[in-house]
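In the numbering used here, the protein residues as written are 67 to 196.
Scroll down for the structure; my scribbles are underneath it.
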């Protein structure tokens, strides 16, 4: 499980994102798996909101959810390799893509980025009644 305390305490200038798996794309990644932080850890992400810009890249907010351990273990064959799209061209990729899209996720973070590399902000998702 990811250490949210250390991640939220980090300077956002020291954090960067890298897409590992793209499940949906439109002018940038909409859904998939990303690496976030150092040491590298993997998260499921999904676009939460976007503010279009005609002068610059869109400003985007993403929900980040921890991955179940069994799904994280399956990422070994794609981690560190060049990204390719569509992801589900081979049987092992199709099986993983199906697992990723049918797993239940509980978002823990909101991450702001324009280019899905530089992190511009990171916030924990408030859980009322905890």
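All residues carry an ideal CB built from backbone N, CA and C; glycine is no exception.
All figures in this text were calculated on a predicted structure; none of them were measured in a lab.
- For residue 175, the uninterrupted beta strand (DSSP E) segment begins and ends at 175 to 179.
- DSSP places residue 115 in the strand class (E or B) of the three-state scheme.
- Around residue 116, the same chain offers 124, 125, 126, 127 as residues with beta carbons nearer than 8 Å, after the five sequence neighbours per side are excluded.
- Taking a 10 Å sphere around the C-beta of residue 192, we find fewer than 16 other C-beta atoms and assign the residue as exposed.
- Around residue 95, the same chain offers 85, 88, 182 as residues with beta carbons nearer than 6 Å, after the five sequence neighbours per side are excluded.
- Residue pairing by DSSP places residue 100 opposite 85, 109 in a beta bridge.
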